[in-house]
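Under this note's numbering, the letters of the sequence shown match residues 138 to 586, in that order.
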Amino acid sequence: MALTFKGGIRSIGFKNTALCRIEQLTPPANVFIMINDGKVSRGHKARRMPVVGIGERVFRGQVIADTLPDEEGCPLHASVSGTVADIYEDADSRTSVVIENDMKYENAPTLSSIGKKLTECSTDEIIDVVRRAGIVGLGGRGYPTYKKIKEAVGRVEFCIINCAESEPFLTSDYRTLIEKPASVLNGLKILLKALGLRSGIVAVGEDKHNAAEKLSELVGDSGMIKIRELCSKYPQGAEELIVYSLIGRALGADETPLDAGCVVFNAQTSEAIFNAFATGMPLTSRVITVDGDCVARPANLLVPIGAKISDVLAHCGGFIKTPAVIISGGPLSGRTTAENDVITPECRAVIVLSDDVAFTGRGADNEFGVCIRCGRCVSVCPMRLAPNYIATHSRMENYAATVPYGLFRCIECGCCAYVCPGRVPIVGLVRRAKEALSAGVGEEQEEGH
């Protein structure tokens with residue numbers, strides 16, 4: 138029987154690209170690699186400085202930006218070979234390095250495998266390789282993987298590879314499992330060595346049974362890696378819910394998976410770790426799903442970091458319908474984006490929907506919809522929160538009042554907005570409250586109570 142959690146939405150589907158093999162994006166003329174996104178206050182976004190200059194020739198995999206000496210973080214690398222055409226900061230304080238692609242894809246001459254057996258590697262050596270490779274969580278949060286490993290050492294019993302991928306349309310992790318299962322498993326073995334654990338878990342959605350079978354064949358009877366099937370219910374892929382489903386431990390208000398003795402990594406993150414060890418190649422690309430009823434030819438693409446969304450959509454034949462919304466990430470948890478934006482490590486998908494399909498609750502921030510107090514959002518919330526009250530107080534800019542209703546426990550899965558008959562953009566209002574409080578707006582309200 139597949140493991141699961143309370144709440145959520147039973148399989149919505151739309152896995153149109155499940156049979157689409159991963160293909161290379163048509164080489165873009167330029168890549169725009171964002172080295173600072175203007176949101177360092179989010180906690181894990183360290184400030185970076187460029188270490189290359191305009192006019193300089195760079196190789197794929199070469200460091201182009203690194204963190205300041207007084208900050209923890211990991212470097213960023215060129216995703217193509219070519220010439221640095223520009224380094225600029227936009228109106229939102231986002232700094233980017235522009236590389237003109239020479240179409241040669243020449244790798245940096247310094248790249249090489251670790252050159253020793255895994256059994257001979259220390260925890261510190263593994264952490265250093267992961268940091269220098271610039272690997273971050275590829276499940277959407279973008280947290281530096283080396284920091285996640287470092288924080289987990291000595292604190293966890295379970296290392297889990299997350300292959301649930303329960304959100305509609307997304308199939309990039311599934312295709313990674315089908316096409317590169319050994320790389321994912323080898324990445325897990327590296328993580329187990331770093332953490333000093335003897336066994337790990339690969340958690341796979343029950344709708345990916347063929348992937349689970351393929352992994353089981355590779356694992357055999359060693360007992361080192363266990364394959365567990367999870368219910369195909371959204372948002373099963375959230376770390377908090379994977380932990381609950383696998384070990385039955387619900388996280389408290391201020392707890393993380395580490396407090397439950399667990400650490401969770403995305404399937405593509407695990408593959409990236411293996412690649413760094415086997416070839417020395419840092420994180421320069423990722424697999425994304427491109428889908429939606431407006432896309433002429435949906436696909437799973439291996440995309441260099443910094444490619445424009447317009448390049449991705451052009452590769453897929455452009456639009457066959459007028460788009461109502463372009464989303465970076467999944468249709469429920471993702472963020473509205475534009476063709477001029479770029480692919481970042483956190484981007485799992487580009488979904489383009491028309492008014493015929495656009496999911497509820499995705500209106501503009503000033504289109505609040507009407508709450509009819511039906512309670513559907515409360516019933517589906519997997520974190521057992523009161524999304525209706527959070528949204529109401531956020532709409533009134535009474536941000537401090539959202540905290541007692543669980544604002545910072547919200548995982549922004551979007552189940553609430555999906556079922557809302559009043560089309561209230563609940564997730565957008567949640568994000569507005571979080572950003573306001575992070576910026577210090579509304580703290581005076583809290584002090585006044």
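We treat Cβ as the ideally placed atom computed from N, Cα and C, and that holds for glycine.
On a predicted model such as this, the values are computed, not experimentally measured, just so you know.
Secondary structure of Gln161, DSSP reduced to three states: As a first step, residue 161 is located in the sequence shown; it is residue number 24 there, counting from the start. In this structure, Gln161 counts as strand in the three-state DSSP scheme.
Grab me the residues of Ser447's own chain with a C-beta within less than 8 Å of its C-beta, minus the 5 sequence neighbours each way, in chain order. Reading the sequence shown from its first residue, position 310 is the one you call residue 447. These residues qualify, in order along the chain: Glu476, Asn477.
Return the chain-ordered list of same chain residues with a C-beta closer than 6 Å to the C-beta of Glu376, the five sequence neighbours on each side being excluded. The count along the sequence shown starts at 1 and reaches residue 376 at position 239. If we look at Glu376 and ignore the five residues flanking it on each side, its Cβ neighbours are Pro394, Val401.
Glu208 to Arg184 span [Cα, whole Å]: The residue labelled residue 208 in the question sits at position 71 within the sequence shown. The residue labelled residue 184 in the question sits at position 47 within the sequence shown. Looking at the two C-alpha atoms, the distance is approximately 7 Å.
Which of the three DSSP states is assigned to Arg568 in this structure? On the sequence shown, residue 568 is found 431 positions in, with the first residue counted as 1. Note: Arg568 maps to helix in three-state DSSP.
Along the chain, where does the beta strand (DSSP E) containing Glu343 start, and where does it finish? Within the sequence shown, the letter at position 206 stands for residue 343. That residue, Glu343, is in no beta strand (DSSP E); it is neither H nor E in DSSP.
Taking the alpha-carbon positions, what's the Lys351 to Ser382 distance? Residue mapping note: residue 351 aligns to position 214 of the sequence shown, counting from 1. Residue mapping note: residue 382 aligns to position 245 of the sequence shown, counting from 1. Lys351 and Ser382: Cα-Cα distance of roughly 22 Å.
Alpha carbon of Val517 to alpha carbon of Ser148, nearest angstrom: Counting from 1 along the sequence shown, the entry for residue 517 is found at position 380. Counting from 1 along the sequence shown, the entry for residue 148 is found at position 11. Spanning the two alpha carbons is a distance of roughly 13 Å.
Helix, strand or coil at Tyr242 [DSSP, three-state]: Here residue 242 corresponds to residue number 105 of the sequence shown, with the count starting at 1. In this structure, Tyr242 counts as coil in the three-state DSSP scheme.
Over the uninterrupted alpha helix (DSSP H) stretch that includes Arg269, give me the two end residues. As a first step, residue 269 must be located in the sequence shown, where it is residue number 132. Segment 260-269, the alpha helix (DSSP H) holding Arg269.
So, for Gly471: in the same chain, excluding its five sequence neighbours on each side, which residues have a beta-carbon less than 6 Å away from its beta-carbon? As a working mapping, residue 471 is identified with position 334 in the sequence shown. So the list reads Ile464, Ser465, once near-sequence residues are dropped.
Inter-residue Cα distance where the pair is Asn535 and Asp174: Stepping through the sequence shown from its first residue, residue 535 is reached at position 398. Stepping through the sequence shown from its first residue, residue 174 is reached at position 37. Taking the straight line joining both Cα atoms gives about 27 Å.
Taking the alpha-carbon positions, what's the Gly454 to Asp428 distance? Here residue 454 refers to the residue found at position 317 of the sequence shown. Here residue 428 refers to the residue found at position 291 of the sequence shown. Looking at the two C-alpha atoms, the distance is approximately 11 Å.
According to DSSP, is Lys114 helix, strand or coil? Summary: the structure shown does not reach residue 114, with the chain confined to residues 138 through 586, and so no result is reported for it.
Using only the alpha-carbon positions, how far apart do Ser320 and Cys511 sit? Here residue 320 refers to the residue found at position 183 when the sequence shown is read from its first residue. Here residue 511 refers to the residue found at position 374 when the sequence shown is read from its first residue. Their Cα atoms are separated by approximately 47 Å.
Which whole runs of the alpha helix (DSSP H) in the stretch 292-342 are 4 residues long or more, in chain order? Within the stretch 292-342, the complete alpha helix (DSSP H) runs of at least 4 residues are 309-316, 318-332.
Distance check for Cys508 and Gly551, CA to CA, integer angstroms please. In the sequence shown, residue 551 corresponds to position 414, counting from 1. In the sequence shown, residue 508 corresponds to position 371, counting from 1. Spanning the two alpha carbons is a distance of roughly 16 Å.
Between which two residues does the alpha helix (DSSP H) carrying Leu383 extend? For the purposes of this step, residue 383 is taken as residue 246 along the sequence shown, with counting starting at 1. It spans 376-384 - the alpha helix (DSSP H) in which Leu383 sits, taken as one unbroken run.
Taking all protein chains shown into account, decide if Ile191 is buried (16 or more other Cβ within 10 angstroms of its Cβ) or exposed. The residue given as residue 191 occupies position 54 in the sequence shown. Its Cβ having fewer than 16 others within 10 Å, Ile191 is exposed.
Strictly under 9 Å for the Cβ-Cβ distance: is Leu307 near chain D by that measure? The structure shown contains no chain D; it is built from a single protein chain.
Using a Cβ-Cβ cutoff of less than 6 Å, which residues in the same chain neighbour Asn153 once the five nearest sequence positions on both sides are dropped? Locating residue 153 in the sequence shown gives position 16, counting from the first residue. Counting only Cβ-Cβ distances below 6 Å, and skipping sequence neighbours, we find Asp428, Pro435.
Cutoff 7 Å; reference Cys514; Cβ partners in own chain excluding five residues on either side: For this step, residue 514 is matched to residue 377 along the sequence shown. Result list for Cys514: Pro524, Asn525, Cys553, Val556, Cys557, Ile563, in chain order.
Pull up the CB-CB distance for Gln405 and Thr539, whole angstroms please, since I reckon it's below 8 Å. Taking the sequence shown and counting its residues from 1, one reaches residue 405 at position 268. Taking the sequence shown and counting its residues from 1, one reaches residue 539 at position 402. Contact doesn't hold; Cβ gap of about 33 Å is too wide.
May I have the straight-line CA-CA distance separating Ala501 from Asp492, to the nearest angstrom? The residue you call residue 501 lines up with position 364 of the sequence shown. The residue you call residue 492 lines up with position 355 of the sequence shown. Residue placement at Ala501 is poorly supported in this model, since its pLDDT is 42, which falls under 50; the coordinates are not used for a value here.
State whether the stretch 294-305 contacts the stretch 266-274, with contact taken as three or more CB pairs (one from each stretch) at a distance under 8 Å. no
Exposed or buried, which one is His79 when buried takes at least 16 other CB atoms within 10 Å? Within the shown structure, residues of the chain are numbered from 138 to 586, placing residue 79 beyond reach of any answer.
Which value, in whole angstroms, describes the spacing of the CA atoms of Thr459 and Ile488? Numbered from 1 along the sequence shown, position 322 holds the residue referred to as residue 459. Numbered from 1 along the sequence shown, position 351 holds the residue referred to as residue 488. Taking the straight line from one Cα to the other gives about 13 Å.
Neighbour-count burial assignment, Glu408, 16 or more Cβ in a 10 Å radius: Translated into the one-based positions of the sequence shown, residue 408 becomes position 271. Around the Cβ of Glu408, a 10 Å sphere holds 16 or more other Cβ atoms; the residue is buried.
Taking the beta carbon of Ser575 as the centre, do at least 16 other beta carbons fall within 10 Å, making it buried, or is it exposed? One-based indexing of the sequence shown puts residue 575 at position 438. Classification for Ser575: exposed.
Less than 9 Å separating the beta-carbons of Tyr242 and Thr232? Here the question's residue 242 lines up with position 105 in the sequence shown. Here the question's residue 232 lines up with position 95 in the sequence shown. Not a contact, by the Cβ cut-off of 9 Å.
Report, in whole angstroms, the separation of the C-beta atoms of Gly467 and Pro305, which I expect to be a contact under 8 Å. Here residue 467 refers to the residue found at position 330 when the sequence shown is read from its first residue. Here residue 305 refers to the residue found at position 168 when the sequence shown is read from its first residue. Indeed they touch by this definition, with Cβ atoms about 7 Å apart.
Quick check on the DSSP output: the alpha helix (DSSP H) that includes Ser407 runs from which residue to which? Stepping through the sequence shown from its first residue, residue 407 is reached at position 270. 404-416 is the span of the alpha helix (DSSP H), which, as asked, contains Ser407.
Quick one: residues in its chain with C-beta nearer than 8 Å to the C-beta of Pro187, no 5 flanking neighbours on either side, listed in chain order? Position 50 of the sequence shown, counting from 1, holds the residue named residue 187. So the qualifying residues of the chain are Ile172, Ile201, Ala202, Ile224, Thr232, Val234.
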